[in-house]
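In the numbering used here, the protein residues as written are 245 to 504.
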């Protein structure tokens, strides 16, 4: 019996698998999974996990199931394994499906939890949201919670705030990759080699985030601390404000909430 079985082996499942294995919380022999895509199965198989022949086999051979399929496929995927899931523990990483939705989809014997990780779980720096309302047993909750803590930081979120929190931490990496790319483009424009520019931009984002998390200081204060009167930073900030950067990010979060 495998400790974890994945229904769906796409990018998010792959990131979680790598996170669990690289952190040492699980080894490759603890995990199995299946995906309808042969390409996804081949890629996941490179990590050494067992690739099942179908989703039913995955459920039957696993103590805890993690479903990571696209939202438009969730109802069909669950319908095909509904009987196999009876009495099992089930964790979802599917966007837009919370506790109440699964109460209507699953047999009442299924214990379930909805989470929203982001792809940096792959390198142990993920932000993982756990829906406050769930029906897992205490030992199942502890198992998945401790595993996810090895992949990054976790936060338990009330059900009604999952969409807003997911729009920030789930979509946020894409926004920050755009920031990194844009900062690097500016550096390249001024003569910095591309590879060096990406390194400088990425480490700056990491460092700024860590400094705020560790210090707990308001980001506005940290910004002011590196902004000298008449200096280059305040001139750069003025350029960003001229481009409505704050409104752009706020609107991006709003759009993320609507999509969910």
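Here a beta-carbon is modelled for each residue, glycine too, at the ideal position from N, C-alpha and C. Source: prediction; values computed, not measured.
Closest Cα partner of residue i within the set the options
{"i": "residue 506", "options": "295, 497, 446, 366", "result": "Residue 506 falls outside the range modelled here, since the chain spans only 245 to 504, and no answer is possible."}
{"i": "residue 269", "options": "473, 340, 391, 352", "result": "391"}
{"i": "residue 281", "options": "308, 406, 313", "result": "313"}
{"i": "residue 329", "options": "301, 286, 402", "result": "301"}
{"i": "residue 490", "options": "501, 464, 474, 406", "result": "464"}
{"i": "residue 284", "options": "316, 315, 251", "result": "251"}
Endpoints, beta strand (DSSP E) assigned at residue i
{"i": "residue 306", "result": "306-311"}
{"i": "residue 254", "result": "It is not in any beta strand (DSSP E) - residue 254 carries neither H nor E in the DSSP assignment."}
Within 8 Å, strictly: CB atoms of residue i and residue j
{"i": "residue 265", "j": "residue 271", "result": "yes"}
{"i": "residue 352", "j": "residue 324", "result": "no"}
{"i": "residue 308", "j": "residue 384", "result": "yes"}
{"i": "residue 311", "j": "residue 338", "result": "yes"}
{"i": "residue 262", "j": "residue 366", "result": "yes"}
{"i": "residue 411", "j": "residue 340", "result": "no"}
{"i": "residue 275", "j": "residue 246", "result": "yes"}
{"i": "residue 254", "j": "residue 305", "result": "no"}
{"i": "residue 406", "j": "residue 498", "result": "no"}
Extent of the continuous alpha helix (DSSP H) to which residue i belongs
{"i": "residue 416", "result": "416-433"}
{"i": "residue 289", "result": "282-289"}
{"i": "residue 322", "result": "318-329"}
{"i": "residue 448", "result": "438-459"}
Nearest-angstrom beta carbon gap, residue j and residue i [assumed within contact, 8 Å]
{"i": "residue 441", "j": "residue 449", "result": "Wrong, their Cβ atoms sit about 13 Å apart, outside the cutoff."}
{"i": "residue 361", "j": "residue 260", "result": "6 Å"}
Evaluate the contact criterion for the segment 326-334 versus the segment 353-364: three or more CB pairs, one atom per stretch, below 8 Å. Under the 8 Å Cβ criterion, the segment 326-334 counts as touching the segment 353-364, having at least three qualifying pairs.
If contact is defined by three or more beta carbon pairs under 8 Å, each pair taking one atom from either stretch, is the segment 287-304 in contact with the segment 407-417? Flag = no, the segment 407-417 and the segment 287-304 do not touch.
Three or more beta-carbon pairs under 8 Å between the segment 475-486 and the segment 388-404, yes or no? Using a Cβ-Cβ distance cut-off of 8 Å, the segment 475-486 and the segment 388-404 are not in contact, since fewer than three pairs of beta carbons, one from each stretch, lie closer than that value.
Counting beta carbon pairs with one atom in the segment 367-381 and one in the segment 420-439, are three or more of them shorter than 8 Å? They do not touch, by the three-pair rule.
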